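Same order as they appear, the protein sequences are chains C and P. Mapping of the first sequence onto our numbering: residues 264 to 452, in sequence order. Mapping of the second sequence onto our numbering: residues 237 to 402, in sequence order.
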Amino acid sequence: MNRFDLLNKIQNILKDNLVICNIGLPSQELYKINDQPNFFYMLGSMGLSSSIGLGLSLSQNKHVISIDGDGSVLMNMNTLATIGNRAPSNYTLLVIDNGSYGSTGDQRTFTDENTSLKDVALGAGCKKVIECSGEETLNELSKAIEDKNNSYVIISKINSGNVKIDPIPLNPITIRDRFRKFIGIVKYL
Amino acid sequence: MKISKKIIDNLKKGGVDFYLSVPCKLLANIIDILEKDKEVYYSAVPREEEGMGICAGAYLGNKFPCIMMQNTGIGNSVNAIVSLLQLYQMPVVFLISYRGTPGEPVGAQGGMAKITEDILQTLRIPLLHCTSENDLEKISTFSKHAKVVESPVAILCDFNLMKDDK
Numbered sequence: 264m265n266r267f268d269l270l271n272k273i274q275n276i277l278k279d280n281l282v283i284c285n286i287g288l289p290s291q292e293l294y295k296i297n298d299q300p301n302f303f304y305m306l307g308s309m310g311l312s313s314s315i316g317l318g319l320s321l322s323q324n325k326h327v328i329s330i331d332g333d334g335s336v337l338m339n340m341n342t343l344a345t346i347g348n349r350a351p352s353n354y355t356l357l358v359i360d361n362g363s364y365g366s367t368g369d370q371r372t373f374t375d376e377n378t379s380l381k382d383v384a385l386g387a388g389c390k391k392v393i394e395c396s397g398e399e400t401l402n403e404l405s406k407a408i409e410d411k412n413n414s415y416v417i418i419s420k421i422n423s424g425n426v427k428i429d430p431i432p433l434n435p436i437t438i439r440d441r442f443r444k445f446i447g448i449v450k451y452l
Numbered sequence: 237m238k239i240s241k242k243i244i245d246n247l248k249k250g251g252v253d254f255y256l257s258v259p260c261k262l263l264a265n266i267i268d269i270l271e272k273d274k275e276v277y278y279s280a281v282p283r284e285e286e287g288m289g290i291c292a293g294a295y296l297g298n299k300f301p302c303i304m305m306q307n308t309g310i311g312n313s314v315n316a317i318v319s320l321l322q323l324y325q326m327p328v329v330f331l332i333s334y335r336g337t338p339g340e341p342v343g344a345q346g347g348m349a350k351i352t353e354d355i356l357q358t359l360r361i362p363l364l365h366c367t368s369e370n371d372l373e374k375i376s377t378f379s380k381h382a383k384v385v386e387s388p389v390a391i392l393c394d395f396n397l398m399k400d401d402k
């Protein structure tokens with residue numbers, strides 16, 4: 264299973280929650296599979312999907328899923344400490360860990376060598392840290408959302424590999440405003 | 237505490253209700269006040285760039301965020317400011333202790349001080365430079381301005397303004 268297969272498989276859960284999606288291929292694939300107004304596509308700021316989702320979950324009550332990658336978490340690893348100490352129960356970090364920098368040509372990341380993001384997350388203070396296969400991810404994700412007392416970090420171990428895809432045609436303000444309209448903040452659209 | 241209180245009062249008057257900080261000695265009193273404040277959200281964060289991301293999320297969730305940091309933190313955050321906050325036009329207040337300005341005892345802070353305003357100007361970030369207590373009154377209007385122009389804005393507070401805030 265690669266990222267595109269996984270994103271396809273978890274569509275039914277994603278469409279009912281607020282989703283912050285990592286820059287590059289993850290967002291492009293998600294857009295291609297089933298574009299929704301409650302998907303916030305990152306067009307820049309690699310590494311910050313986890314952090315944007317955390318801020319969002321602290322600011323309103325709907326459940327937030329941050330879709331991140333192993334390369335991006337490695338770039339902003341301090342975020343796991345913030346999540347371990349501050350994340351509310353309406354927050355789930357889904358790390359799609361394919362051991363490679365998919366958007367830049369599938370160079371290997373350190374999770375393909377010695378680094379375990381599960382161990383890092385546990386050491387950083389995250390209480391509910393699940394490492395699972397791509398096939399198990401849908402089930403783990405729904406359990407995480409049903410649990411109203413804990414935030415979760417789910418590390419989904421999948422294969423690398425990308426599908427051929429175009430950049431997202433939406434402009435940033437469109438992404439921003441339709442997302443905030445879905446939450447109920449923007450009234451003018 | 238007088239200066240720190242005034243800063244917080246004016247930020248609140250400007251509508252800011254979500255605060256993060258990466259610590260600075262000059263922000264210690266402000267952090268003390270916010271830790272006890274039940275009206276607004278406050279948390280420390282390990283790194284400024286991450287804080288920019290959290291602020292972006294807070295804005296999406298209808299908060300008006302402020303991140304407090306030393307001017308060195310701007311150096312850590314340039315890409316997040318440009319390709320997240322400015323790209324999506326998100327109002328966020330940067331409250332910056334301006335280390336390396338006159339009165340600063342640590343020589344090494346001078347380097348970032350020399351280029352801080354140049355960086356902010358290059359980024360086209362509206363800037364309020366507070367050098368005296370009277371300037372602090374401008375913080376509330378300036379914060380509201382961030383929402384009007386849908387942009388991050390920066391408030392620089394000089395070393396000498398903050399250092400004697402007993």
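Heads up, the beta-carbon is just placed ideally off N, CA and C, and yes, glycines get one too. Note that the coordinates shown come from a computational prediction; the quantities given were computed from them, not determined experimentally.
Check, Outcome
"Contact list for the stretch 418 to 449 of chain C against chain P, Cβ threshold 9 Å", "P435, I436, I438, R439, F442, R443, I446, G447 and I448"
"Chain-order list of residues whose beta-carbon lies under 7 Å from that of G339 (chain P) (same chain, five-residue window excluded)", "F395, N396 and K399"
"Limits of the alpha helix (DSSP H) - the one that S267 (chain C) falls within", "Inspection of the sequence shows that residue 267 (chain C) is occupied by Phe rather than by Ser. F267 (chain C) -> alpha helix (DSSP H) spans R266 to K272."
"Test: Y277 (chain P) CB closer than 8 Å to a CB of chain C", "yes"
"For Y357 (chain P), the first and last residue of its enclosing alpha helix (DSSP H)", "Sequence check: residue 357 (chain P) is Gln here, not Tyr. Counting along the chain, the alpha helix (DSSP H) containing Q357 (chain P) begins and ends at G346 to T358."
"Cβ-Cβ distance between G307 (chain C) and L323 (chain P) below 8 Å", "yes"
"A407 (chain C) burial status per 10 Å Cβ neighbour count (16 or more: buried)", "buried"
"Start-to-end residues for the beta strand (DSSP E) that takes in G250 (chain P)", "Segment: none, G250 (chain P) is in no beta strand (DSSP E) and carries neither H nor E."
"Distance cut-off 7 Å: V276 (chain P) Cβ against heavy atoms of the ligand ATP", "Of ligands this structure carries none, so the ligand ATP is not represented either."
"Spatial distance of G336 (chain P) from S290 (chain C) (CA atoms)", "41 Å"
"Reduced DSSP category for T355 (chain C) - H, G, I as helix; E, B as strand; rest coil", "strand"
"Cβ of G311 (chain P) within 8 Å of any chain C Cβ", "no"
"Contact with chain P by F303 (chain C), beta-carbon distance below 8 Å", "yes"
"CB contact flag (P362 (chain P), V328 (chain P), <8 Å)", "no"
"N-terminal and C-terminal residue of the alpha helix (DSSP H) that P432 (chain C) is part of", "From DSSP, P432 (chain C) is part of no alpha helix (DSSP H); its letter is neither H nor E."
"The stretch 403 to 422 of chain C contacting the stretch 438 to 445 of chain C, beta-carbon criterion three pairs below 8 Å", "no"
"Where S414 (chain C) falls, given that 16 or more other Cβ within 10 Å makes a residue buried", "buried"
"Interface flag, L359 (chain P) vs chain C, CB-CB below 8 Å", "no"
"Complete runs of the beta strand (DSSP E) confined to the stretch 315 to 370 of chain C [at least 3 residues]", "327 to 332 and 354 to 360"
"Interface partners of L311 (chain C) on chain P, CB under 8 Å", "E285, E286, M288, G289, A292, A316 and L320"
"Given N422 (chain C) as reference, the closest of C:A384, C:F303, C:G365 and C:L317 once Cα atoms are compared", "C:G365"
"Short CB-CB distance (under 8 Å) between G388 (chain C) and chain P", "no"
"Beta-carbon neighbours of K242 (chain P), restricted to chain C and to distances below 8 Å", "The contacting residues do not exist; K242 (chain P) stays about 26 Å from chain C at best."
"Coil, strand or helix - I446 (chain C) by DSSP", "helix"
"Residue range of the beta strand (DSSP E) that includes E394 (chain C)", "V392 to S396"
"Exposure of Y294 (chain C), with buried meaning 16 or more beta-carbon neighbours within 10 Å", "buried"
"CB-CB length for M305 (chain P) against V342 (chain P), believed under 8 Å", "At roughly 16 Å, the Cβ-Cβ gap does not stay under 8 Å, so M305 (chain P) and V342 (chain P) are not in contact."
"Rounded separation between N399 (chain C) and K238 (chain P) - CA only", "Residue identity differs from the one stated: residue 399 (chain C) is Glu in this sequence, not Asn. Distance between the alpha carbons of E399 (chain C) and K238 (chain P) is about 56 Å."
"Q291 (chain C): first and last residue of the uninterrupted alpha helix (DSSP H) it sits in", "L288 to N297"
"is_contact[F330 (chain P), chain C] using C-beta, thresh 8 Å", "no"
"Integer Cβ distance of L317 (chain C) from G293 (chain P), believed to fall under 8 Å", "6 Å"
"Reference K272 (chain C), options C:S405, C:D369 and C:G386, closest by Cα", "C:S405"
"Residues of the stretch 340 to 365 of chain C whose Cβ lies closer than 9 Å to any Cβ of chain P, in chain order", "N341, T342, A344, T345, N348 and R349"
"Bridge-paired residues (DSSP) for Y295 (chain P)", "In DSSP, Y295 (chain P) forms no bridge with anything."
"Burial state of N256 (chain C), where buried means 16 or more other Cβ atoms lie within 10 Å", "In this structure chain C extends from 264 to 452, so residue 256 (chain C) is not present and cannot be described."
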